[in-house]
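Take a look at the structure below.
There are 2 protein chains.
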Amino acid sequence: MTTSTVIALDAMGGDRAPEIVVAGAALARERYPKVKYLFYGNEPQVRPLLDRYPTLLPISELRHAPESISADTRPSVALRQGRQSSMRLAINAVAQGDAACVISAGNTGALMAMAKFVLKTLPGIDRPAIVNLIPTKAGESVMLDLGVNVDCDAENLVQFALMGAIFCRVVLGISEPSIGLLNIGTEEVKGHDELRAAAAIMRERPIPGTFYGFVEGNDIALGTVDVIVTDGFSGNIALKTLEGTAQLITWFMRQTFESSPLARLGYFFARGAMRKLRLRTDPRRYNGAMLLGLQGVCVKSHGGADHEGFANAIGVAYDLVERRFNDRISEEIARQYGIVNGGSLSPATEQAALTNGTE
Amino acid sequence: MTTSTVIALDAMGGDRAPEIVVAGAALARERYPKVKYLFYGNEPQVRPLLDRYPTLLPISELRHAPESISADTRPSVALRQGRQSSMRLAINAVAQGDAACVISAGNTGALMAMAKFVLKTLPGIDRPAIVNLIPTKAGESVMLDLGVNVDCDAENLVQFALMGAIFCRVVLGISEPSIGLLNIGTEEVKGHDELRAAAAIMRERPIPGTFYGFVEGNDIALGTVDVIVTDGFSGNIALKTLEGTAQLITWFMRQTFESSPLARLGYFFARGAMRKLRLRTDPRRYNGAMLLGLQGVCVKSHGGADHEGFANAIGVAYDLVERRFNDRISEEIARQYGIVNGGSLSPATEQAALTNGTE
Chain A
6 MTTSTVIALD AMGGDRAPEI VVAGAALARE RYPKVKYLFY GNEPQVRPLL
56 DRYPTLLPIS ELRHAPESIS ADTRPSVALR QGRQSSMRLA INAVAQGDAA
106 CVISAGNTGA LMAMAKFVLK TLPGIDRPAI VNLIPTKAGE SVMLDLGVNV
156 DCDAENLVQF ALMGAIFCRV VLGISEPSIG LLNIGTEEVK GHDELRAAAA
206 IMRERPIPGT FYGFVEGNDI ALGTVDVIVT DGFSGNIALK TLEGTAQLIT
256 WFMRQTFESS PLARLGYFFA RGAMRKLRLR TDPRRYNGAM LLGLQGVCVK
306 SHGGADHEGF ANAIGVAYDL VERRFNDRIS EEIARQYGIV NGGSLSPATE
356 QAALTNGTE
Chain B
6 MTTSTVIALD AMGGDRAPEI VVAGAALARE RYPKVKYLFY GNEPQVRPLL
56 DRYPTLLPIS ELRHAPESIS ADTRPSVALR QGRQSSMRLA INAVAQGDAA
106 CVISAGNTGA LMAMAKFVLK TLPGIDRPAI VNLIPTKAGE SVMLDLGVNV
156 DCDAENLVQF ALMGAIFCRV VLGISEPSIG LLNIGTEEVK GHDELRAAAA
206 IMRERPIPGT FYGFVEGNDI ALGTVDVIVT DGFSGNIALK TLEGTAQLIT
256 WFMRQTFESS PLARLGYFFA RGAMRKLRLR TDPRRYNGAM LLGLQGVCVK
306 SHGGADHEGF ANAIGVAYDL VERRFNDRIS EEIARQYGIV NGGSLSPATE
356 QAALTNGTE
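In order, the protein sequences belong to chains A and B.
Take 6 as the starting number for the first sequence in this note's numbering and just add one per residue.
Take 6 as the starting number for the second sequence in this note's numbering and just add one per residue.
Next comes the structure, spelled out in structure tokens:
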């Protein structure tokens, strides 16, 4: 079995862990038969769950982690006191070469701090960012940061743009992506100072793709640009507002179809097409966001994801590994920065791993 | 005609001004026959437009404004150099008692700065905020600030909560509204410092309604709370993301109904209900946001609104005036702060009118 991909799983991360993590892996097992799993978690809790899935057992290894990181643990505390946590040990597995990637549905800030400390950032990147694809009218766009870097300076935003553009090239195959900075108006006088400073840098410095300028919230769904760059606060607000609104409209629609006998008859005929629409807008399809900018593949699953969603996050991680995504992105970044022999600018201390503004 | 309500209109504000402003007033004329209009704008441009609507002419007065404020004018520049602009003269009309309220679809930052300078803020309120109703699964929620106060401290957010709760009482009739602070997680460790500080104050200080705690982007559409409080940057991003997503899903739906003969047949039967859904989610219905916290009624229309949307903004302003909204909110604020004889804390200088962080 030398061709298998080993994925390290933080079995204790997420609202309904460890159940969802194990059930998600069992579901993904059918889709990705070449994957093996390294579960890190509380053995007495996880073992009986694994025993429920006979097909999962032969491809899984459970390693006991005496601790777990809760949703309200500060990243600094997680980093200093969580060295025996399921999250940390799962990340360590990647650094030690035991696993090709790690997935956690746990505390995002803690995951980022630990991953940054253990795996290090790519040369030229100060802060990793959470990136994902967003469904749009034009197809799909890349958006980052979706939730870790609460306060960003102009240079951070420019680095996000660089990474996002390369992600767009590799994942969506768009060679010259257009890049927009999320703001509250397209005029130069609007928004925070750092947005204007980032825009000024991006007009000067060569970046992969084309700098479009400022975009607004409604441009996300329109697909005005291929890459939407923002700080982690606004990005998270926008992403969750988008998810919530999509659910609301779907609910309105269901109500509409139940509002009269004629409408119910209409639904009867249209139900096949409606099912396709539901699939298209199902947020579970988009579960699994990469922590971009690390020397290792680390995927964050939504804390509230169900096993379908978690299985999708496994698929995302698997694809990234299979397509050697991280090698390609570090090559591209090195080319952009003219770094030939690598040379890490990564933080060497736990303190440096905490500069994401989440503290 | 002593019972008529006079509304001052900035005829030059908005993407398609003055056409949309005049056409919007003509449309609103049928809905609100008691309203009279004071148009401020470039006479050679506006006069021929007014002449197109014979029913509008007898209830309209056009006052020439030699200048207009463009979308990219900085608020400070607008305030100091735009004293003869259509926007400023329309606001002056309210201060002078010529009009009961003012509506502009122009530059939001300039409108706020001028309105704050001319009309003054209510006693106890440092910064006005843009407020509006948002459609939710539970009905409607009040959300503020939607786009002027880019940087807010904890005290600003608490004042927004106070004003939002009172707005909710008066407009939605909810006597004990629940209030949520928009954040990127519900845990205490998440988000900006000022959010945590604002939450701490709201747990201590008596506010009208109940402080729920932090809410996330998806809670907006869910209607988790009656009042959503946020800074103007996040609020604007969330609002526009919501609008864009609603449009996207509606578009997906239309595509779905055209995807097969059966789906088209389904649409045929459901079309009456679908029309209701479209009306329910039509963003024009929600056009017209109040600048809350001023000693006068000032309504902001979306810059890109069409004449339907602008007519709706006129309806919003008319309702606020008819229901003596501003008297009621200042009474409530005075009661909250224990202010008996009024006593303005409003800025006396142009400099003080510019502390909205939009510069």
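Yeah, the Cβ is synthetic: ideal placement off N, Cα and C, and Gly gets one too.
The structure presented is a predicted model; accordingly, all values stated were derived computationally and were not measured.
Let's test the definition: count the other Cβ atoms within 10 Å of the Cβ of residue i and tell me whether it reaches 16, buried, or not, exposed.
i              : result
S9 (chain B)   : exposed
D231 (chain A) : buried
A13 (chain B)  : buried
A22 (chain B)  : buried
T229 (chain B) : buried
G85 (chain A)  : Note on residue identity: the sequence assigns Arg, not Gly, to residue 85 (chain A). It is exposed - the Cβ of R85 (chain A) has fewer than 16 other Cβ atoms within 10 Å.
T363 (chain A) : The pLDDT assigned to T363 (chain A) is 42, lower than 50, so where the model puts this residue is not dependable; a value taken from the coordinates is nonetheless given after this. Classification for T363 (chain A): buried.
P213 (chain B) : buried
Q164 (chain A) : buried
G102 (chain A) : exposed
A205 (chain A) : exposed
E181 (chain B) : exposed
K39 (chain A)  : exposed
G144 (chain A) : exposed
G343 (chain B) : exposed
L187 (chain A) : buried
T261 (chain B) : buried
E337 (chain B) : buried
E327 (chain B) : exposed
G178 (chain A) : exposed
F238 (chain B) : buried
By alpha-carbon positions, which one of the options ends up nearest to residue i?
i              : options                           : result
F44 (chain A)  : A:E35, A:P38, A:R36 and A:L54     : A:L54
A316 (chain A) : A:A22, A:G18, A:A16 and A:R36     : A:R36
V175 (chain A) : A:D15, A:A16, A:A339 and A:D332   : A:D332
T255 (chain A) : B:T235, B:R285, B:E337 and B:S265 : B:R285
A202 (chain A) : A:V304, A:D158 and A:S239         : A:D158
G46 (chain B)  : B:P59, B:I25 and B:I338           : B:I25
V234 (chain B) : B:L151, B:E192 and B:F257         : B:L151
N161 (chain A) : A:V326, A:D236, A:P266 and A:G18  : A:D236
A100 (chain B) : B:I338, B:F122, B:G114 and B:A118 : B:F122
A31 (chain B)  : B:Y58, B:P49 and B:V51            : B:Y58
P211 (chain B) : B:A83, B:R340, B:T141 and B:R259  : B:R340
D287 (chain A) : B:F257, B:Q50 and B:D287          : B:F257
V220 (chain B) : B:I184, B:G249 and B:P49          : B:I184
V147 (chain A) : A:C303, A:E313, A:K281 and A:A294 : A:A294
S65 (chain B)  : B:L247, B:N292 and B:A104         : B:A104
R289 (chain B) : B:Y272, B:R283 and B:E313         : B:E313
Give the residues of chain B in contact with residue i, contact being defined as C-beta atoms less than 9 Å apart.
i             : result
G29 (chain A) : The premise fails here: G29 (chain A) is roughly 21 Å from chain B at the closest Cβ pair, so nothing lies under 9 Å.
D20 (chain A) : Simply none; closest approach about 11 Å.
Which bits of chain B does residue i rub up against, with CB to CB less than 7 Å?
i              : result
G152 (chain A) : I189
Along chain B, in chain order, which residues have C-beta atoms closer than 8 Å to that of residue i?
i              : result
G222 (chain A) : N241, I242, A243, L244, K245, T246, L247, E248 and G249
S264 (chain A) : A278 and K281
M8 (chain A)   : Residue identity check: residue 8 (chain A) is Thr in the sequence provided, not Met. Chain B residues near T8 (chain A): none, gap ~39 Å exceeds 8 Å.
Find the residues of chain A that neighbour residue i, judging by a C-beta separation of less than 9 Å, and give them in chain order.
i              : result
Q252 (chain B) : K142, N223, A226 and L227
T261 (chain B) : A275, A278, M279, K281, L282 and R285
Under 8 Å Cβ-Cβ, which residues of chain A neighbour residue i?
i              : result
T60 (chain B)  : Under the 8 Å cutoff, chain A gives no residues; its nearest Cβ is about 34 Å from T60 (chain B).
F408 (chain B) : For chain B, the structure presents residues 6 to 364; residue 408 (chain B) sits outside this window and is missing.
Closer than 7 Å by beta-carbon distance: list the chain A residues that pair up with residue i, in chain order.
i              : result
T126 (chain B) : Neighbours of T126 (chain B) on chain A: none; closest Cβ ~22 Å, over 7 Å.
Let me check you understand the geometry: is the CB of residue i closer than 7 Å to at least one non-hydrogen atom of the ligand ZN?
i             : result
Y58 (chain A) : Within the structure as shown, the ligand ZN is missing, as the structure has no ligands at all.
Would you call the stretch 127 to 137 of chain B and the stretch 308 to 317 of chain B in contact, with 3 or more CB pairs under 8 Å?
Contact between the stretch 127 to 137 of chain B and the stretch 308 to 317 of chain B is not established, with fewer than three Cβ pairs separated by less than 8 Å.
Beta carbons nearer than 8 Å to chain B: which residues of the stretch 268 to 284 of chain A have them?
Listed in sequence order: A268, L270, G271, Y272, F273, F274, A275, R276, G277, A278, M279, K281 and L282.
Could you tell me whether the stretch 67 to 78 of chain A touches the stretch 266 to 284 of chain A, where touching means 3 or more Cβ pairs closer than 8 Å?
When C-beta atoms of the stretch 67 to 78 of chain A are compared with those of the stretch 266 to 284 of chain A, fewer than three pairs fall below 8 Å, so the two segments do not count as touching.
Counting only Cβ-Cβ distances shorter than 7 Å, please list the residues of the stretch 154 to 170 of chain B near chain A, keeping chain order.
With the criterion set as a beta carbon lying under 7 Å from some beta carbon of chain A, the members of the stretch 154 to 170 of chain B are V155, in sequence order.
Against chain A, which members of the stretch 132 to 145 of chain B pass a CB distance test of less than 8 Å?
Listed in sequence order: P140, T141 and K142.
With contact counted as at least three CB pairs below 8 Å, one residue from each stretch, are the stretch 158 to 173 of chain A and the stretch 241 to 260 of chain A in contact?
Contact fails: fewer than three Cβ-Cβ distances are below 8 Å.
Members of the stretch 72 to 95 of chain B that neighbour chain A once the beta carbon cut-off is set at 7 Å
A76, D77 and R79: these are the residues of the stretch 72 to 95 of chain B whose beta carbon lies less than 7 Å from some beta carbon of chain A, given in chain order.
Output needed in chain order: residues of the stretch 182 to 206 of chain B with a Cβ under 7 Å from some Cβ in chain A.
Only those residues of the stretch 182 to 206 of chain B whose C-beta falls short of 7 Å from the nearest C-beta of chain A are listed: L187, I189, E192, E193, V194, G196 and H197.
Check whether the stretch 286 to 302 of chain A touches the stretch 114 to 133 of chain A, taking contact to mean three or more Cβ pairs, one atom from each stretch, closer than 8 Å.
The stretch 286 to 302 of chain A vs the stretch 114 to 133 of chain A: in contact.
Do three or more CB pairs link the stretch 195 to 206 of chain A to the stretch 216 to 225 of chain B at distances below 8 Å?
The answer is no - the stretch 216 to 225 of chain B does not touch the stretch 195 to 206 of chain A, with fewer than three Cβ pairs under 8 Å.
With three or more C-beta pairs closer than 8 Å as the rule, is the stretch 56 to 71 of chain A touching the stretch 86 to 95 of chain A?
The stretch 86 to 95 of chain A, when compared against the stretch 56 to 71 of chain A, does touch it at the 8 Å Cβ threshold.
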